[in-house]
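**Q** Handing you a structure now.
The structure is reproduced here in structure tokens:
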């Protein structure tokens, strides 16, 4: 359905819907333009694939792990899951700052609860931490919205964009902008305010991790882009309060920092989670570069990361489903036993590193060329260093999985697990991530399809600058 | 040069591509599986060779596979330089396929299906490198070559192999990401396009400083060319099974490296630009440093394959030297050395593998008197060694002759001295092996030598190394196709 919507946006411009029949700026307006259409397509794709996967993984018949919920919990689980999905869609389509807050909280509250369904006891603590920090972020956001309302008397995004320039000089607006950014950066886990993420994404059930890393933080990034470029105009962030250089530096720190902590992880899910922290830096980096090419790269990364990271989490989820093993060092020789799962993982890893013919490479290309065009060449070594770090921490896993032999005396992956379980997961678990990750290859070659959308959205955001 | 639209390059690559699933499904039928490999290699060679007449007439075959997005095409182009590399690689693939069968079965190696699949992917990638029409296509296949050969290097899966393979990947992928990629970004931003063209694409687009930076990044980024100090992955890669060392680490991978370097030097920068900035001659001296130092290191290696690896490091720099002289003769010498060295060095590797299979010996010190047991192998080794040293009647002589002429043409006497010194060093590290092999006294008590009669390696292996040894000699008497291809490159690029 979102593809249809995207199609109509491409052909006939933004679609709007006035909730409750009130005309904006008084009523709440839903508005789908190039950017939201692009995001909608991403979110609905990932939500759909993970839902298919969840069907098998949540019920978990015959699985060894208690990572599954079982029949009794399934109703609650899917209710929360759908609530989460509704929240995500809401954030993307809304044209109203306060409404965005509401959906942000719907998303977050259901996410907190879903994290708590993880099978380790620490998952509940992780969910609680996430709740506290997430709420702080939400408070910042709400304060900012309050300030904006006081200064302009409106909450509609288009209307705000229209009225804000008159009061750009006011310090209140600068403070509001700062609060807005901090609030949303907490939600998207920009390094160094990421501390909640490795626990929350690492300890929740894999299907939840996958949607958290693939959609929830991406949508927070969407909210950042939306508020920076639509609510505030490019004129504000370039001239009135020049933040782009600060953002580039923050992004560089995030990329290197996130990847470095990923290197230190021994638990494979935490490693993927830390990797997400680094990957969020790419998106902010594109915003920092803030020319057409760079921002296109950013948007492309929203797509690329959503697809790849979601499928990586799902693949790891199938592996855990079969074997209950989390430690990277215990995965020796697992590639032989679960070839489809780890083929998925390998393709995903290549995409993360940015090997040519994957979407990761397209992102790298756009960001680096954008940076050079903008004269910000110091950014390029950062991108490359980040790619190298990715290569190291994914390469380490791949080497163990494919080429290390499991010990002859049963100390390999099979220890404590009946032999029958160290085999490939059921197709309900192997196929969805495989299909998802193959999109990274398809659109890494036919990159012009997502790029044309991303480019239109970026052009719209920059308004001809 | 007249461009012609043709799908031939794609057909060529389809041969190994089609073989991959066929090999995979024939996992349980070794004979069928090997048949697919052989069929693919023969088909590929025939297809490549069928382009020879057209290219010799001066045509350039071009085709576009897909546009990734504006500015980035996957595009192919068959020109004399690429064809020379492709002919060499695809012909030797046939030979090594036969050899592989003998070698892998004799040693009862594990994971043979994975081995043959990766081999096919590597050849696909090598053809892709040869036929790339722009930097991005080149990068795609260059990385594919790195990744597909990694499982081959790590084949034994013991700690030593894992260590070697890790170094292999770290050097090749690392340099590529850290240096090659930014160089391509810069080229794109500065030159606005990535297509290779005869006169280069960077001339007159940026200040000399920027161009020098790009040049240094490219040179450092092509780790496969094994220019010192980025060479140590190649000896490390010798943990691989011998056919891999032979075809990939004497021909496909390393030659893809120097080929890429030549491509970039000649078709991105252009001879005129480099001559103007004086960068060619700097590269030439850099290469001659590698030639000498690697030869000296080779003298001290006792493991035969490691000695061959260092010799390869040194010989690769001959090619770089020839290209960087930027004269027609030097260029011709450098480019035909791609083929000449390939035949010579692959013979040597195949001999080393055959000795390993028959006797289990890896070290030169244990090979005294081995010629009495394995006369054919050792004689082939002798021929290969002559070719690499550059003594008639072997192909290596021709490329060295042209290289020497190129040095004189460029008025670089010191470089000529380097060439001659290196030839002495080559002789010093190869000929003792042969001499000791034929006339040395085996260590008493070695069980291999106490057996009766001749104990050669597997028939297929001996046949294969015989073919390449004969090939080395034939190339001395009949080098015309290669010479003509190389000469054509020289005339186009230097442009009188």
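Chains as they are written, first to last, in my numbering: chain H, 48 to 512; chain P, 7 to 502.
We treat Cβ as the ideally placed atom computed from N, Cα and C, and that holds for glycine.
Small disclaimer: the values here were computed from a predicted structure and weren't measured.
Counting C-beta neighbours from all protein chains within 10 Å, is the total for residue 35/P 16 or more, i.e. buried, or is it exposed?
**A** Under this definition residue 35/P is an exposed residue.
**Q** In the DSSP assignment, the alpha helix (DSSP H) including residue 79/P goes from what residue to what residue?
**A** Here residue 79/P belongs to no alpha helix (DSSP H); instead the beta strand (DSSP E) covers 78-84.
**Q** Can you give, in chain order, each stretch of the alpha helix (DSSP H) that sits fully within the stretch 199-263 of chain H and has at least 4 residues?
**A** Qualifying alpha helix (DSSP H) stretches, in chain order: 204-210, 218-235, 243-250 and 253-258.
**Q** Between the alpha carbons of residue 478/P and residue 430/H, how many angstroms are there, rounded?
**A** Rounded to the nearest angstrom, the two C-alpha atoms are 46 Å apart.
**Q** Between residue 343/H and residue 93/P, what straight-line distance do the alpha-carbon atoms span, to the nearest angstrom?
**A** Whole-angstrom Cα-Cα distance: 42 Å.
**Q** Determine the burial state of residue 452/H: buried for a count of at least 16 other Cβ atoms within 10 Å of its Cβ, exposed for fewer.
**A** Residue 452/H comes out exposed.
**Q** At a CB distance below 8 Å, what residues from the stretch 168-196 of chain P approach chain H? Give them in sequence order.
**A** Listed by position along the chain: 168, 171, 172, 175, 179, 180, 183, 184, 187, 188, 191, 192, 194 and 195.
**Q** Buried or exposed: which applies to residue 143/H, given that a residue is buried once 16 or more other Cβ atoms fall within 10 Å of its Cβ?
**A** Buried, by the Cβ-count rule.
**Q** Using 8 Å as the limit for Cβ to Cβ distance, is residue 292/P near chain H?
**A** No, because no Cβ of chain H sits closer than 8 Å to the Cβ of residue 292/P.
**Q** Name the chain H residues whose beta carbon is nearer than 9 Å to that of residue 141/P?
**A** Those within 9 Å of residue 141/P in chain H number zero; the least Cβ separation is about 11 Å.
**Q** Counting pairs of beta carbons, one from the stretch 231-240 of chain P and one from the stretch 110-126 of chain P, are three or more of them closer than 8 Å?
**A** The stretch 231-240 of chain P, when compared against the stretch 110-126 of chain P, does not touch it at the 8 Å Cβ threshold.
**Q** In chain order, what residues of the stretch 32-52 of chain P put their CB closer than 8 Å to some CB of chain H?
**A** From the stretch 32-52 of chain P, no residue has a Cβ closer than 8 Å to chain H.
**Q** Which same chain residues, not among the five before or five after residue 123/P, have their C-beta less than 7 Å away from its C-beta?
**A** Answer for residue 123/P: 26, 29 and 30, listed in chain order.
**Q** Starting from residue 124/P, trace the alpha helix (DSSP H) both ways and give me its first and last residue.
**A** From DSSP, the alpha helix (DSSP H) with residue 124/P extends over 118-137.
**Q** Go through its chain and collect everything with a Cβ distance to residue 33/P's Cβ below 6 Å, but skip five positions before and after it.
**A** Answer for residue 33/P: 119, listed in chain order.
**Q** Compute the Euclidean distance between the alpha carbons of residue 481/P and residue 426/H, then round it to the nearest angstrom.
**A** Whole-angstrom Cα-Cα distance: 51 Å.
**Q** Show which residues of chain H have a CB atom less than 7 Å away from the CB atom of residue 146/P.
**A** In chain order: 403 and 404.
**Q** Could you have a look at residue 10/P and say whether DSSP puts it in helix, strand or coil?
**A** Residue state, collapsed to three classes: strand.
**Q** Between the Cα of residue 165/P and those of 393/H, 374/H and 446/H, spot the shortest distance and give me the residue it belongs to.
**A** Checked all of 393/H, 374/H and 446/H; the closest Cα to residue 165/P is 446/H.
**Q** Would you list the residues sitting across from residue 73/P in a DSSP beta bridge?
**A** The partner list for residue 73/P (beta bridge, DSSP) reads 79/P.
**Q** Show which residues of chain H have a CB atom less than 8 Å away from the CB atom of residue 10/P.
**A** Correct list: empty, because the minimum Cβ distance to chain H is about 25 Å.
**Q** Could you check whether the Cβ of residue 22/P sits closer than 8 Å to any Cβ belonging to chain H?
**A** So no, residue 22/P is outside the interface.
**Q** Step through the CB atoms of chain H and report whether any lies within less than 8 Å of the CB of residue 74/P.
**A** Residue 74/P counts as touching chain H.
**Q** Of all Cβ atoms in chain H, is any one closer than 8 Å to the Cβ of residue 115/P?
**A** By this cut-off, residue 115/P is not an interface position.
**Q** Taking the alpha-carbon of residue 80/H as reference, which of 175/H, 139/H, 212/H and 316/H has the nearest alpha-carbon?
**A** Nearest of 175/H, 139/H, 212/H and 316/H to residue 80/H, Cα basis: 139/H.
**Q** Which stretch, first to last residue, makes up the alpha helix (DSSP H) that contains residue 428/P?
**A** From DSSP, the alpha helix (DSSP H) with residue 428/P extends over 419-445.
**Q** Please check if any C-beta of chain P sits within less than 8 Å of the C-beta of residue 213/H.
**A** Taking Cβ atoms only, chain P never reaches closer than 8 Å to residue 213/H, which makes this a no.
**Q** Between residue 287/P and chain H, is the shortest Cβ-Cβ distance under 8 Å, so that the two count as touching?
**A** Not one chain H Cβ lies under 8 Å of residue 287/P.
**Q** Just mark residue 417/P as buried or exposed, buried being the case when its beta carbon has 16 or more other beta carbons within 10 Å.
**A** Exposed is the call here.
**Q** Taking the alpha-carbon positions, what's the residue 218/P to residue 11/P distance?
**A** Cα-Cα distance, rounded: 35 Å.
**Q** Using a Cβ distance threshold of 8 Å, determine whether the stretch 207-216 of chain H contacts the stretch 125-133 of chain H, with at least three qualifying pairs required.
**A** Result no; under three Cβ-Cβ pairs closer than 8 Å.
**Q** Out of curiosity, what's the CA-to-CA distance linking residue 8/P and residue 64/P?
**A** Answer to the nearest angstrom: the Cα atoms are 7 Å apart.
**Q** Name, in chain order, the residues that DSSP records as bridge partners for residue 260/P.
**A** The partner list for residue 260/P (beta bridge, DSSP) is empty, contrary to what the question assumes.
**Q** How many angstroms separate the CA atom of residue 368/H from the CA atom of residue 448/P?
**A** If you take the alpha carbons of residue 368/H and residue 448/P, they lie about 59 Å apart.
**Q** Alpha carbon to alpha carbon, what distance is there between residue 95/P and residue 168/P?
**A** Using only the alpha carbons, I get a separation of about 27 Å.
**Q** Which chain H residues are close to residue 160/P, counting only those with a beta carbon under 9 Å from its beta carbon?
**A** By Cβ distance, chain H contributes 446, 449 and 450.
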